[in-house]
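Chains as they are written, first to last, in the UniProt record's numbering: chain P, 1 to 790; chain W, 1 to 403.
Beta carbons: idealized from backbone N, C-alpha and C, even for Gly.
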């Protein structure tokens, strides 16, 4: 066919940062360059002559078929127009081998080919490294599992003991309550005379128990991860040091009063009428043996028969616990289940009726096949034992000590001295009530690290503290809410790895013990999942921040499938979970509304995830489909799509979406619509490189809404591009001073510090001033990186 | 100095909860208070807050290098006669980028001289921005300092081209040429291809074949995917027709001809623009040699072992020589020629042609290549070989009956 022989085709190779003397100087931050280059002489070796060229003749290819040839991208049009001079020089200096490197058959090589070869090598080198980045997380996950497995191994024996002690059925349980006489305790088979049992179920007054308990929380959180801290390591801190808050001290106080308080404590949040499940650690008097829910001894079978010699102590030493906690073995360690306690309501029907409509629709979820079978057997065979494999149970525990700490304060110590640092006062986990109220307080004043800490304490109180991962435990709606808050805050803080570690025991959030049905005596008649819907979203989204957006997408799709199924069920006149149910129309309506909004939520998450994956086409589709669930957000969604197109560089399509926004907002005149339109126009001008017009639009927004932080910041950014550094700085500084509560935002501060650096080499002072401003306003969740002080 | 790439939009991490959850409205309230979220739709990740470029980033051939140059008086003295010069040194030249070369009379403490420079990058490889500042101190001392900023200009696109000669449109002598251009994005960010066009040389007219007419609207063949992800390649197709005045001179278009060049305009983040042109694309016209043999007619499907006819056209492409040709037909394993091999075709004048009907049959089924024609110029004793002239599909006649 066509023979292009002899037609020399040159193509510049991607010269990359890898050439010649340039190597060490790959584009860097200006700061470094400054220093580095200061002493350079005027004559600079550009290393251009390391390029080579090759005649891309290749007989074999040409005979077979017309060949793909690389083409010299001469350079910008204007330059090539200049004529042969430029071009020639380019070819001499810059041209390199043609890029089809992979099938490099060197059958025809001319003299220049040597250079060519070396160049090829380089270019291939540049190509390879790109895939490396996304590897790790999986391997990490698998590694992580090991220790747990070990811990888990030990369990069956204990559980089995429990089971044996109990005998075949637990029906007799309530007969003889513990001395406490509190109803929640009733099911505890105190009366069982088996020796193993007594070890665990020593009533608190005996032995060192009370000490452990009274020690409060402070010490637990301080232990280093090397301590497998099964216990609270109480002994280390004298109890007096920390005055536990009232609620907590009561909670941990003597057993007689504990129970009711504990339940109050956890009841503070949920609306339903149940008595909280007490948990092993919090209520020492509860024996490990089974409660009314005895229905579920965890041991898979009786293989690991009770080995009396196997005491908890040995287990602990195995797991490398310091012996500091000799007393711990006595601490109540009901390795078996749930202290399912029910408030004495013998009539399940009454409670079933009392379960509110709202609970039902909120908690509704469709369990997987296996989980459903377990749940069915639990509900139908209340008297006999249902075996649930450990792998099907959720056994979470804190995975790391407190992350308490205040980066702002650390920086102040470093740059401003101790005196200034001492002025920094933020709330920490100790300074608030040890309850949900305190937790909310910490969250709202942006002390999220402290809030994470407090969640940890409250979970420890629930028996899911540090080192408890892999140990059987029971769940309540409250404990799951605590987990949700803790994990959500970790994600907000950007501590994704930590969140992942602690999320891991929850599996796919579909284990039977995460359903109300699993605890028929605690939550009589209540159905659905205890896992908050938002926690499912969080669980799915977390993966994308860890670099596995595909996994995120998979999880979101699963959530979405259930949402859709529930909606279908509702439309077909069934209950959410597909059961028969006669719902009042208004309740059905409310439920449809709720689930539609959840469907919208999950769709939006999918869109976000796709955006992160840079799959813009699908992301745009997903955002568009969110509109049907959140029609009131249509203008925002359309604007967002427009911005996506702007980001890609597709200005025309962006403009189309922005025009749609203008049409939509015309109907609902008002300030917000006006701002949105102006904002979009400004962005469009930015896309057209017209910073002056963009600045005008942002300023216009400020005229009608002077407190608009976004417009303020963006206007300042435009000023910089217009060459007005000082004006830009003035605007940003004014903004952060006027409304520090909203405007000390990461992005604004980042812009400010960037400009300080540009302005002068003595930017440190100004940055420190910013630090001081931050210190007085921001909580411990502040991301200090934006100050660029480090 | 700070490179001014386009600012980026801040993305936030939405964490929400429902009213019934423990934090109640708290998380949602926090998101509402966060200025980086979208007012009224906080769960959208892509906010509206602009952030300045965080590092120098990559710069690619054809893009515009913009930079902020700020000279700040850190001292507590007034300095005079400040002259700021920004030069860009490339491997081949040195360009002055400063907007003005006039000296500033004086600079007070804590004041600055600002300049934003732009330069369209036209060379690959190392560039060095040289900022030179000279001034006079209060004491009348002349001072001078320079700063260097070095950066690499990378190649953004990989362009490969391939020419296809149209199967000769049987009636005309001239051929259409199809150009396939593969354009690969070798940057690390998505790239919106705003324009990819072929500017033909004077000899050709070009038709772009990258859009289809759907219900009166021109739709690109690339669907909704208007952008190229990193390492993605996209194919563009163009059809080139020689202009009448060149086409008439049959045989003129031979050897190396200049086809034209590709003009590519792309945009990236927030409309950052880049433009490149390829060098002139050159094409080796099919080497017809002195004598061109082209097919005028051939059946596409023939029956096994049944004779079929083809019509060849033989053109004398040489400039002034009249040729005396002898036709030989050599059988291949599957194609058998019927008729006499070695017959005289008579005199053929320059730029004239004759048509020749030939008969052959195939002994093998399947897609068979017609090969084995030899033309010998008796004067020069030169033999021209013609293989793979065309393909025919050979089917069993039995099957044909059945069907």
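Asked	Found
Where residue 530 of chain P meets chain W, residues with beta-carbon distance less than 9 Å	In chain order: nothing, as chain W lies at least about 12 Å away.
Contact list for residue 709 of chain P against chain W, beta-carbon separation under 7 Å	35
Contact residues within the stretch 203-220 of chain W, judged by C-beta distance below 7 Å to chain P	none
At least three beta-carbon pairs within less than 8 Å, the stretch 224-241 of chain W to the stretch 296-304 of chain W	no
Closest residue to residue 608 of chain P among W:15, W:195, W:234 (Cα-Cα distance)	W:15
Burial state of residue 367 of chain W, where buried means 16 or more other Cβ atoms lie within 10 Å	exposed
Residue-level contact to chain P via CB, residue 200 of chain W, 7 Å cutoff	no
Residue span of the beta strand (DSSP E) that contains residue 242 of chain W, given as start and end	233-242
Candidates P:393, P:408, P:648: closest to residue 775 of chain P by CA position	P:408
Identity of the residues DSSP links to residue 623 of chain P by a beta bridge	Answer is none; residue 623 of chain P lacks a bridge partner.
First and last residue of the uninterrupted alpha helix (DSSP H) at residue 591 of chain P	585-612
Per-residue contacts from residue 225 of chain W into chain P (C-beta, under 9 Å)	616, 617
Under 9 Å by beta carbon: chain P residues contacting residue 13 of chain W	491, 492, 494, 541, 545
Own chain, CB closer than 6 Å to residue 364 of chain W, minus 5 neighbours either side, in chain order	334
Residue 636 of chain P at chain W interface by Cβ criterion, 7 Å	yes
Residue 155 of chain W classed as buried or exposed, judged by whether at least 16 other C-beta atoms fall within 10 angstroms	buried
Chain-order list of residues whose beta-carbon lies under 6 Å from that of residue 343 of chain W (same chain, five-residue window excluded)	327
Rounded straight-line distance, which links the Cα of residue 467 of chain P to that of residue 654 of chain P	52 Å
Distance cut-off 6 Å: residue 165 of chain W Cβ against heavy atoms of the ligand GDP	Here there are no bound small molecules, and the ligand GDP is not part of this structure.
Nearest-angstrom Cβ-Cβ length linking residue 638 of chain P and residue 660 of chain P, presumed shorter than 8 Å	5 Å
Minimum Cβ-Cβ distance from residue 20 of chain W to chain P less than 7 Å	yes
C-alpha gap between residue 364 of chain P and residue 694 of chain P, whole angstroms	48 Å
Spatial neighbours of residue 138 of chain W in its chain, beta-carbon cut-off 6 Å, leaving aside the 5 residues before and after	77
Spatially closest choice to residue 106 of chain W from W:140, W:360, W:330, by CA coordinates	W:140
Any chain P beta carbon closer than 7 Å to residue 38 of chain W	yes
Endpoints, alpha helix (DSSP H) assigned at residue 561 of chain P	549-571
Contacts of residue 298 of chain W in chain P (Cβ-Cβ under 7 Å)	Within chain P, no residue comes near residue 298 of chain W; the closest Cβ sits about 18 Å away, beyond 7 Å.
Close Cβ partners of residue 446 of chain P (< 8 Å) along its chain, the five nearest in sequence each way excluded	778, 779, 780, 781, 782
Continuous beta strand (DSSP E) stretch holding residue 745 of chain P: start and end	Element bounds for residue 745 of chain P: n/a, residue is neither H nor E.
Assigned secondary structure, residue 485 of chain P (DSSP; H/G/I helix, E/B strand, else coil)	helix
Residues in the stretch 69-94 of chain W having any Cβ partner in chain P nearer than 8 Å	70, 72, 74, 89, 90, 91, 92
Separation of residue 367 of chain P from residue 52 of chain W, as counted between CA atoms	47 Å
Rounded distance between the beta-carbons of residue 241 of chain W and residue 199 of chain W, thought under 8 Å	About 15 Å; that fails the 8 Å criterion.
Segment contact, 8 Å Cβ cut-off, at least three pairs: the stretch 605-625 of chain P with the stretch 538-552 of chain P	yes
Residue 395 of chain P versus residue 4 of chain W - alpha carbon distance	52 Å
Contact residues within the stretch 739-759 of chain P, judged by C-beta distance below 9 Å to chain W	741, 742, 743, 745, 746, 747, 748, 750, 751, 754, 755, 757, 758, 759
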